[in-house]
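With the first letter of the sequence shown counted as 1, position 167 gets the number 167 in UniProt numbering; the numbers rise by one all the way through.
Every residue gets a Cβ at the ideal spot worked out from N, C-alpha and C, and that includes glycine.
Keep in mind the model is a prediction, meaning the values are calculated, not measured.
To keep things clear, I will list the structure first and then write my remarks on it.
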Amino acid sequence: MIRKWRVYSLFLLLTLVLAGCGEPYLSTLRPVGEVADKQFFLTVLSTLIMVLVVIVVSIIFFYVIIKFKRSKVGEDTIPKQVEGNRNLEITWTAIPILLLIILVVPVVAYTLELGDTSAMDKKKRDPEKTLVVNVRASLYWWEFEYPDYGIVTSQELIVPTDQKVYFKLKASDVKHSFWIPSAGGKIDTNTDNENKFYLTFDSKRTKDAGEYFYGKCAELCGPSHALMDFKVKTLSQDEFLGWTKKMTDYKKPASTSDLALEGEKLFKEKNCLSCHAVEPGDERPEAARTAPNLATFGERTKVAGIKDMNKENVKAWLKDPESFKPGNKMTGTYPKLNDSEADALYEYLKGLKIQ
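As structure tokens, then:
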């Protein structure tokens, strides 16, 4: 029995230790913008109120146990009864009400403030001041559309700093949930309606995150739910405008080697173009965009959003997507590839970059 408790204690300690593992900017405890700051404040406030209540109740509990210990007051002693005491009744009714008011007032105020997305619904809006990003979630990838610029990307969200970025969200298959822990959220993506909200990204704090920080799906959506993440890259407002210009002026890079030309031919023969676009100005209707846009595939840092970008991982993904993301829709949609075909496709795909 003692050995079992030792094992249980070890697993409990291991759980507490592992709970602190992960990417540094995959945490709500390191806010990088106004929205995250307010949500963090509410988290701290509610935690402090709960801790205060636990401390007070615990002090009263142990005080009563010690003061009225049977061996101290005797077997037949009955402590003074305070049932119906008006002053006590008022006290322990007023205190919870006061604590609720302290918590409710900022919660309601922030809910109304953070829920104001009226700026994105104006017929005439300046995209440089009111940026709108349409987010579409699918099993198990993310699409980001910048409607004012005619740009569609996948798996990597590019946003400017020091301004509100408005999001319009929906799902194409099952319910998902869009969440950038360090920036704020989360909010569901549904198939039957659109949700809206905004986030902000502080230029000083996002620099500490490095080149990217992370977003996740926060709604259990299938066997590869845990692998449905995306990268968030922040740029200054001038850099962001430069990025949009490069994307809108995009010219498909020419394949420069025989192997890349063979890969481009295979890409067409295997009907990859029926699902994947290779240009950021994807003019197909939303329903036709059934797979990630590959226009910037050669610039990505991850394969399928989870593996490091290198030849070995790309070839492994092309040959057996199921081994990376179980249940993904790419599995079984094209014939098996041999090594030479995978080499050719890799050579072609790595050349898909913004000029």
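One or two residues paired with residue i in a DSSP bridge
i: residue 374; result: Within the shown structure, residues of the chain are numbered from 1 to 355, placing residue 374 beyond reach of any answer.
i: Asp308; result: Lys302
i: Thr15; result: Bridge partners of Thr15: none, in fact.
i: Lys233; result: Ile158
i: Ala171; result: Ala137
Closest by C-alpha distance to residue i, when choosing among the options
i: Gly210; options: Lys233, Ser323, Phe61, Cys221; result: Lys233
i: Ser172; options: Asp162, Asn134, Gln163, Lys350; result: Asn134
i: residue 383; options: Lys164, Ser236, Cys272; result: The displayed coordinates of the chain run from 1 to 355. Any statement about residue 383 would go beyond what the structure contains.
i: Lys129; options: Gly351, Thr200, Cys275; result: Thr200
i: Asp229; options: His176, Ile55, Phe41, Lys69; result: His176
i: residue 358; options: Asp320, Lys231, Leu266, Ile306; result: Given that the chain is displayed from residue 1 to residue 355, the structure contains no residue 358 and the question cannot be resolved.
i: Ser182; options: Gln39, Asp339, Tyr8, Asn338; result: Gln39
i: Lys350; options: Lys311, Pro326, Asn338; result: Lys311
i: Lys246; options: Lys204, Gly150, Arg86, His225; result: Gly150
i: Leu103; options: Arg136, Gln81, Met50; result: Met50
i: Lys216; options: Lys186, Ile101, Asp202; result: Lys186
i: Gly184; options: Val174, Lys270, Tyr214; result: Tyr214
i: Gly84; options: Leu318, Lys69, Trp92; result: Trp92
i: Gln96; options: Leu139, Val57, Ala36; result: Correcting the residue identity first, residue 96 is Pro in this sequence and not Gln. Checked all of Leu139, Val57, Ala36; the closest Cα to Pro96 is Val57.
i: Phe178; options: Trp142, Trp317, Pro285; result: Trp142
i: Lys325; options: Tyr140, Asn313, Tyr212; result: Tyr140
i: Leu131; options: Pro106, Leu114, Thr161; result: Thr161
i: Leu294; options: Tyr212, Val107, Ala94, Leu345; result: Leu345
i: Leu257; options: Gln163, Asn313, Thr77, Asp343; result: The sequence shown places Ser at residue 257, rather than the Leu named in the question. Nearest option by C-alpha distance: Asp343.
i: Leu220; options: Asp148, Ser138, Lys268, Pro147; result: Ser138
Span of the beta strand (DSSP E), counted from its first residue to its last, around residue i
i: Tyr198; result: 195-200
i: Gly263; result: Gly263 -> not in any beta strand (DSSP E); alpha helix (DSSP H) instead, spanning 258-269.
i: Phe213; result: 213-217
Start-to-end residues for the alpha helix (DSSP H) that takes in residue i
i: Thr91; result: 86-114
i: Lys38; result: 34-67
i: Phe240; result: 237-248
i: Lys72; result: 70-73
i: Ala342; result: 339-349
i: Lys204; result: 203-207
Legend entry - Runs of beta strand (DSSP E) wholly within the region 121-168 (minimum 3 residues, chain order): Counting only runs that start and end inside the region 121-168, the beta strand (DSSP E) elements of at least 3 residues fall at 131-138, 141-146, 151-154, 156-160.
Inset, instruction - Mind the definition here: the region 328-335 touches the region 239-254 only if three or more C-beta pairs lie below 8 Å; say whether that holds. - result: Counting Cβ pairs under 8 Å, fewer than three are found: no touch.
Inset, instruction - Could you tell me whether the region 119-134 touches the region 201-216, using the rule of 3 or more Cβ pairs below 8 Å? - result: In short, these stretches do not touch, since the Cβ pair count stays below three.
Legend entry - Stretch-stretch touch, CB-based, cutoff 8 Å, three pairs: the region 157-170 with the region 191-203: Using a Cβ-Cβ distance cut-off of 8 Å, the region 157-170 and the region 191-203 are in contact, since at least three pairs of beta carbons, one from each stretch, lie closer than that value.
Inset, instruction - Specify whether the region 298-308 and the region 147-159 touch according to this definition: at least 3 beta carbon pairs, one from each stretch, less than 8 Å apart. - result: Output reads yes: the region 147-159 touches the region 298-308.
Legend entry - Three-pair Cβ contact test at 8 Å for the region 255-271 versus the region 228-246: No, because fewer than three Cβ pairs between the region 255-271 and the region 228-246 fall closer than 8 Å, the two stretches do not touch.
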